[in-house]
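Colleague: The working numbering puts the first residue of the sequence shown at -19, with every later residue one more than the last.
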Amino acid sequence: MGLCLVINHDDLSNVGQLILEKLRAHCVSGHVGLPLHDTHQRQCQYAAEGVCSDFCVGPVPYGTKPDDSLVFQQLEIALNYCSLSVGTQVKSFPGRKSVKVMGAIRVDEKPGWHFRFVERYNTTTFLAFIEQLLRYYKGKKIHLVVDNAPWHKTKKLREWWLEEIKDLIEVHFLPKYAPNLNAAEYIWKETRKWASHNRFFGTFKDLKDSLFRRFNRFQGNPRCLKTLTPYFA
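#1: Name the two residues that bound the continuous alpha helix (DSSP H) containing Arg203.
#2: Once DSSP output is grouped into helix, strand and coil, what is the label at Phe97?
#3: Alpha carbons only, please: which of Glu111, Val125, Val126 is nearest the one belonging to Gly119?
#4: Helix or strand or just coil, what does DSSP make of Ala84?
#5: By DSSP, does Arg115 sit in helix, in strand, or in coil?
#6: On the premise that Leu137 lies in contact with Thr103, defined as a C-beta separation below 8 Å, what is that separation, rounded to the nearest angstrom?
#7: Is Lys135 buried or exposed, if buried means 16 or more other CB atoms sit within 10 Å of its CB?
#8: In whole angstroms, what separates the C-alpha of Lys77 from that of Gly182?
#9: Would you check if there are 3 or more beta carbon pairs closer than 8 Å linking the stretch 200 to 207 to the stretch 87 to 105?
#10: Suppose you measure from the CA of Val37 to the CA of Tyr211; what does that come to, to the nearest Å?
#11: Tell me where the alpha helix (DSSP H) around Glu150 begins and ends.
#12: Could you tell me the distance, in whole angstroms, from the CA atom of Met82 to the CA atom of Phe106?
#13: Could you check where the alpha helix (DSSP H) with Leu137 kicks off and where it finishes?
#14: Does the structure place the stretch 170 to 180 close enough to the stretch 188 to 199 that three or more beta carbon pairs sit under 8 Å?
#15: Which of the three DSSP states, helix, strand or coil, is assigned to Ser122?
#16: Terminal residues of the continuous alpha helix (DSSP H) containing Trp168?
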């Protein structure tokens, strides 16, 4: 799960303002288009068709986009290139395991990345992640932009948002079929490219450690995050 945070509502770019305007207008059907370059549109599309679903958050003064991501360790039969009459061997263990991650990107002049490994996606783990964000941005209001995953809309969660933390978080639900509105999609794509896909991991822990190192790099390199989400800063 991934989030996108907006730190200062007044400093949002035109595209950022457009996103919040569309969300507040309750755009709930069809594709909501932004003036993104075709390459970035395709990247968002591919990310949406992959193994992740996401949401974003943003405050007045902070905004964040959260999202969920599954990264699999599995055995698959696939075509590959090899030397004629020689062949090749790709190491892999039978079976299928997945790492479940919740993530949030803050989009502004100095982006930030937050993440949390979880055993499963449900209201309890989602609430724990939101509390992690509230502790980090203590005293600042957050605009939380989320997708329509079931655990984002439970009765328990709605009551918590409306009764206990309504002054700290304002929730915006993404329209359906609009991954280009979610900055976290770009982060998941970059993560899969450099940390998980087409790699052999001897143990499940090796896969999780690879993801952890990549997320730490995001946290220590705001410029990289800004490069990956140029239309949201």
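Ideal Cβ positions, reconstructed from N, Cα and C, are used throughout, including at glycine. Source: prediction; values computed, not measured.
Modeller: For this structure:
#1: First-last of the alpha helix (DSSP H) with Arg203: 202 to 208.
#2: For Phe97, the three-state secondary structure derived from DSSP is strand.
#3: Glu111
#4: strand
#5: helix
#6: Thr103 to Leu137, Cβ: 5 Å. Contact.
#7: exposed
#8: 13 Å
#9: Yes: at least three Cβ pairs fall under 8 Å.
#10: Residue placement at Val37 is poorly supported in this model, since its pLDDT is 33, which falls under 50; the coordinates are not used for a value here.
#11: Element bounds for Glu150: not the alpha helix (DSSP H) but the beta strand (DSSP E), 149 to 153.
#12: 8 Å
#13: 135 to 139
#14: yes
#15: Rather than Ser, the amino acid found at residue 122 in this sequence is Ile. Three-state DSSP puts Ile122 in a strand.
#16: From DSSP, the alpha helix (DSSP H) with Trp168 extends over 164 to 171.
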